[in-house]
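Chains as they are written, first to last, in the numbering used here: chain A, 1 to 340; chain B, 341 to 680.
Note that beta-carbon positions come from the ideal geometry of N, C-alpha and C, so glycine has one too.
Keep in mind that this is a model prediction, so the values were computed, not measured.
2 protein chains.
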Amino acid sequence: MVKPILENCICELLHSSLPNYCIRIADLGCSSGPNTFSAVLSIIENIDKACHTMNYEPLPIIQVFLNDLFGNDFNTVFKALPNFYEKLEIENGRKYGSCLIAAMPGSFYGRLFPKNSMHFLHSSYSLHWLSQVPDGLVSASGIPMNKGSIYIEKSSPPIVHQPYLQQFTQDFTMFLKMRYEELVPHGHLLLTIVGKNEEIDGPHVLNLLGMVLNDMVVEGHLEEEKLDNFNIPQYTPSIDEIRSIIQKEGSFKLLHLETFKLQLDASFPEDHDHAENDARAAYVATYIRAVFEPILASHFGNTIMGDLFQRFAKKIAKLLQMGKGIVNNLVISLAKECEN
Amino acid sequence: MVKPILENCICELLHSSLPNYCIRIADLGCSSGPNTFSAVLSIIENIDKACHTMNYEPLPIIQVFLNDLFGNDFNTVFKALPNFYEKLEIENGRKYGSCLIAAMPGSFYGRLFPKNSMHFLHSSYSLHWLSQVPDGLVSASGIPMNKGSIYIEKSSPPIVHQPYLQQFTQDFTMFLKMRYEELVPHGHLLLTIVGKNEEIDGPHVLNLLGMVLNDMVVEGHLEEEKLDNFNIPQYTPSIDEIRSIIQKEGSFKLLHLETFKLQLDASFPEDHDHAENDARAAYVATYIRAVFEPILASHFGNTIMGDLFQRFAKKIAKLLQMGKGIVNNLVISLAKECEN
Chain A
1 MVKPILENCI CELLHSSLPN YCIRIADLGC SSGPNTFSAV LSIIENIDKA CHTMNYEPLP
61 IIQVFLNDLF GNDFNTVFKA LPNFYEKLEI ENGRKYGSCL IAAMPGSFYG RLFPKNSMHF
121 LHSSYSLHWL SQVPDGLVSA SGIPMNKGSI YIEKSSPPIV HQPYLQQFTQ DFTMFLKMRY
181 EELVPHGHLL LTIVGKNEEI DGPHVLNLLG MVLNDMVVEG HLEEEKLDNF NIPQYTPSID
241 EIRSIIQKEG SFKLLHLETF KLQLDASFPE DHDHAENDAR AAYVATYIRA VFEPILASHF
301 GNTIMGDLFQ RFAKKIAKLL QMGKGIVNNL VISLAKECEN
Chain B
341 MVKPILENCI CELLHSSLPN YCIRIADLGC SSGPNTFSAV LSIIENIDKA CHTMNYEPLP
401 IIQVFLNDLF GNDFNTVFKA LPNFYEKLEI ENGRKYGSCL IAAMPGSFYG RLFPKNSMHF
461 LHSSYSLHWL SQVPDGLVSA SGIPMNKGSI YIEKSSPPIV HQPYLQQFTQ DFTMFLKMRY
521 EELVPHGHLL LTIVGKNEEI DGPHVLNLLG MVLNDMVVEG HLEEEKLDNF NIPQYTPSID
581 EIRSIIQKEG SFKLLHLETF KLQLDASFPE DHDHAENDAR AAYVATYIRA VFEPILASHF
641 GNTIMGDLFQ RFAKKIAKLL QMGKGIVNNL VISLAKECEN
């Protein structure tokens with residue numbers, strides 16, 4: 001779904017920024033794993049393709065910055081680089097030294113790059129993470145406002161929804177301001193994030209995790225207070241909320257804003273019809289565990305993680321069977337507006 | 341010894357490159373440890389000092405690239421960054437976001453940065469490492485030419501010295517060519533490396549290591565063949581060799597070329613007169629072990645490392661007692677010559 005938008009972005013970008021000896025790109029929230037280079041590879045391929053189409057030679061040098069938090073495992077990323085460079089040379093004809101991959105650690109809610117230096121900034125499945133747990137979810141006197149939940153529920157009062165939306169608005173606005181400064185004139189920003197689930201789509205993953213934690217409290221495996229005091233620093237906005245924040249911030253031209261639905265098990269490697277529902281549910285539980293275990297374990301402890309995600313897999317299995325295992329995604333493409 | 345030259349370099353650099361919104365610097369061969377940020381900190385402090393002297397405000401943004409091989413432990417470096425940024429703000433008044441520290445992994449014998457993008461490139465105690473063990477130290481029929489040694493000895497025939505000098509010439513020339521492309525016009529290069537020991541200075545650390553390995557062969561703790569087939573990929577040039585390579589390469593203007601001697605135990609933390617000779621020797625053996633253990637252990641195995649460095653410490657103790665524990669250093673400062 002994102003590929004044609006990426007292709008479009010790169011084409012537009014190169015039309016306004018070529019001839020240029022060096023194109024600077026970044027992947028914000030690159031993580032560390034088998035997919036770390038996939039966005040970068042797509043971007044490089046699209047740049048090369050657009051240059052070929054425009055008969056632009058020689059290919060520009062591409063300087064890449066991989067960004068994630070200070071604690072990200074960049075060592076593993078760097079050890080995979082020689083292989084990546086080799087593949088790039090063999091499969092893409094990109095000579096060693098024509099693509100220079102660096103890392104820029106730090107929060108993308110702060111400054112990462114010099115002013116007017118970056119051509120294309122990409123971020124996939126990272127911007128729904130907030131800079132902190134929203135203030136106000138625990139009252140001044142210490143009373144939890146979001147008892148029994150770890151995120152916003154359908155039944156949540158405004159006192160829960162408001163702090164989340166406010167934190168997201170503040171963070172996303174800051175993100176846009178920082179990136180605007182860092183981009184060259186006509187530079188592009190392409191973002192994919194998890195969006196709000198519509199009622200027809202079924203429950204949100206975070207609500208499912210909350211339900212499991214609640215079950216564990218009811219069955220006496222977890223202290224109620226532990227659950228009441230935990231709120232996840234993530235917010236999945238609606239398309240209207242995103243549009244409104246971008247408009248209020250005001251510096252970017254909104255090129256695309258779309259939602260697309262994905263099944264939770266869309267990346268399951270086997271053929272759809274032949275796979276057991278439980279195997280798919282286990283697969284979904286495993287990748288969601290990889291995302292959420294660090295933050296859950298640091299609050300609830302390591303010992304309950306096995307039980308938690310086994311229960312979670314069962315809930316996912318039911319959901320998949322009902323055809324309700326859907327994630328709503330938002331894809332947003334923006335360009336730096338310039339006076340001239 | 342290097343500090344006044346660094347100060348000079350930065351002054352000259354800023355005179356030719358200010359006003360500039362962003363100064364890009366790199367530390368090549370930054371390693372990972374308590375000293376990783378010390379060169380960068382010195383450079384930042386000198387930039388700020390020069391800007392104050394020149395009444396240049398606001399201070400330029402500094403983009404830093406820390407470079408070392410793909411296998412360097414950058415995770416540890418990145419985890420220390422929040423503290424470094426905080427100290428920079430408190431002690432140097434450099435606001436968060438005014439100094440942006442990235443990592444660029446890879447060999448400095450290849451391309452690291454886009455053309456004409458870097459203002460100041462620094463490298464300390466890294467450039468005596470060669471890109472590979474020189475060819476020719478083992479004959480075509482597999483006969484070792486440097487039997488009983490791991491480096492060039494005083495008694496070594498030209499057949500040993502030649503391949504080392506040739507490899508260093510090739511590597512250092514490539515290094516200069518790469519850096520010339522990456523530097524902006526009038527950009528500066530400041531290098532400190534270990535140089536050749538004069539006869540009066542006493543034996544070279546690599547020769548001492550070779551002597552210990554030889555003793556272990558004689559005593560039957562090590563196979564002779566293992567030693568005969570090992571040659572260290574390091575070369576410590578003379579000042580004349582360095583000057584000649586720079587002149588032949590021809591693109592840089594040589595600003596400074598000096599040697600300075602340091603005692604092996606110069607960085608020993610206690611007061612000179614009160615410290616035991618053995619404690620100093622143990623200190624020297626420990627830091628030299630940190631440098632050479634990885635490459636020695638991968639050839640000779642881990643099991644003999646303890647014995648090896650205990651013997652080495654004894655040799656160092658004798659040397660220190662004789663006042664012969666000296667390292668010769670070369671400091672080289674170069675500027676990118678420009679036609680206009």
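| query | Are the beta-carbon atoms belonging to LEU183 (chain A) and LEU255 (chain A) less than 8 Å from one another? | reply | no
| If you draw a straight line from the alpha carbon of PHE252 (chain A) to that of LEU121 (chain A), how long is it in whole angstroms? | 13 Å
| Chain-ordered chain B contacts of LEU88 (chain A) [CB-CB under 8 Å] | Residues of chain B passing the Cβ test: none, with the nearest at roughly 13 Å.
| message | Please classify GLN403 (chain B) as buried or exposed, where buried requires at least 16 other C-beta atoms within 10 Å of its C-beta. | response | buried
| query | So what's GLY527 (chain B) in DSSP terms, helix, strand or just coil? | reply | strand
| Straight-line CA distance for ILE572 (chain B) to PRO484 (chain B)? | 13 Å
| CB of LEU597 (chain B) within 8 Å of CB of VAL667 (chain B), strictly | no
| field | Three-way DSSP call (helix, strand, coil) for VAL473 (chain B) in this model | value | coil
| field | Cβ-Cβ distance between ASN407 (chain B) and LEU368 (chain B) below 8 Å | value | yes
| query | With distances taken from CA atoms, which of B:ALA442, B:GLU431, B:PHE448, B:ILE430 is nearest LYS419 (chain B)? | reply | B:ALA442
| message | Would CYS338 (chain A) and HIS128 (chain A) qualify as a contact pair, given that the criterion is a beta-carbon distance under 8 Å? | response | no
| query | Which residues, in chain order, does the segment 437-462 of chain B contribute to contact with chain A at a C-beta distance below 9 Å? | reply | GLY437, SER438, LEU440, ILE441, ALA442, ALA443, MET444, PRO445, GLY446, GLY450, ARG451, LEU452, PHE453, PRO454, LYS455, ASN456, SER457
| message | List, in chain order, every chain B residue whose beta-carbon is nearer than 9 Å to that of TYR21 (chain A). | response | PRO454, LYS455, ASN456
| Going along chain A in order, which residues have a C-beta closer than 8 Å to the C-beta of PHE414 (chain B)? | PHE74, ASN75, PHE78, ALA103
| message | Can you tell me which residues form a DSSP beta bridge with THR259 (chain A)? | response | A:LEU330
| query | What number of angstroms, rounded off, separates the C-alpha of ASN348 (chain B) from the C-alpha of ILE150 (chain A)? | reply | 58 Å
| message | So if I threshold CB-CB distances at 8 Å, which residues from the segment 52-63 of chain A count as touching chain B? | response | ILE61, GLN63
| query | Rounded to a whole number of angstroms, what is the C-alpha to C-alpha distance between GLY450 (chain B) and PHE515 (chain B)? | reply | 7 Å
| query | Just how far apart, CA to CA, sit HIS161 (chain A) and LEU206 (chain A)? | reply | 14 Å
| CYS51 (chain A), enclosing alpha helix (DSSP H) - first and last residue | 38-53
| Under 8 Å Cβ-Cβ, which residues of chain A neighbour PHE410 (chain B)? | PHE78, LYS79, LEU81, PRO82
| message | Mapping the DSSP letters down to three states, classify SER357 (chain B) as helix, strand or coil. | response | helix
| query | So what's SER371 (chain B) in DSSP terms, helix, strand or just coil? | reply | coil
| task | Taking only the alpha-carbon atoms, compute the straight-line gap between HIS299 (chain A) and GLU223 (chain A) and give it to the nearest angstrom. | result | 12 Å
| task | Give a yes or no on whether the C-beta atoms belonging to SER584 (chain B) and THR532 (chain B) are separated by under 8 Å. | result | no
| message | DSSP three-state label for ARG364 (chain B), please. | response | strand
| Span of the alpha helix (DSSP H), counted from its first residue to its last, around GLN247 (chain A) | 239-249
| request: Assign MET118 (chain A) to buried or exposed, taking buried as 16 or more other Cβ atoms, counted over all protein chains shown, within 10 Å of its Cβ. | output: buried
| message | Quick check on this structure: which residue in A:MET305, A:PRO157, A:LEU100, A:PHE268 has the alpha carbon closest to the alpha carbon of LEU452 (chain B)? | response | A:LEU100
| query | Just to confirm, are PHE410 (chain B) and GLY437 (chain B) a CB contact at a threshold of 8 Å? | reply | no
| So with Cβ pairs under 8 Å, would you call PHE515 (chain B) a contact of chain A? | no
| said: Determine whether the beta carbon atoms of SER371 (chain B) and ASN412 (chain B) lie at a separation below 8 Å. | reply: yes
| Interface flag, PHE230 (chain A) vs chain B, CB-CB below 8 Å | no
| task | Please confirm whether ASN423 (chain B) and GLU385 (chain B) have their CB atoms less than 8 Å apart. | result | no
| query | Does any CB atom of chain A fall closer than 8 Å to the CB of PHE405 (chain B)? | reply | yes
| Segment limits, alpha helix (DSSP H) that includes ASN214 (chain A) | 205-218
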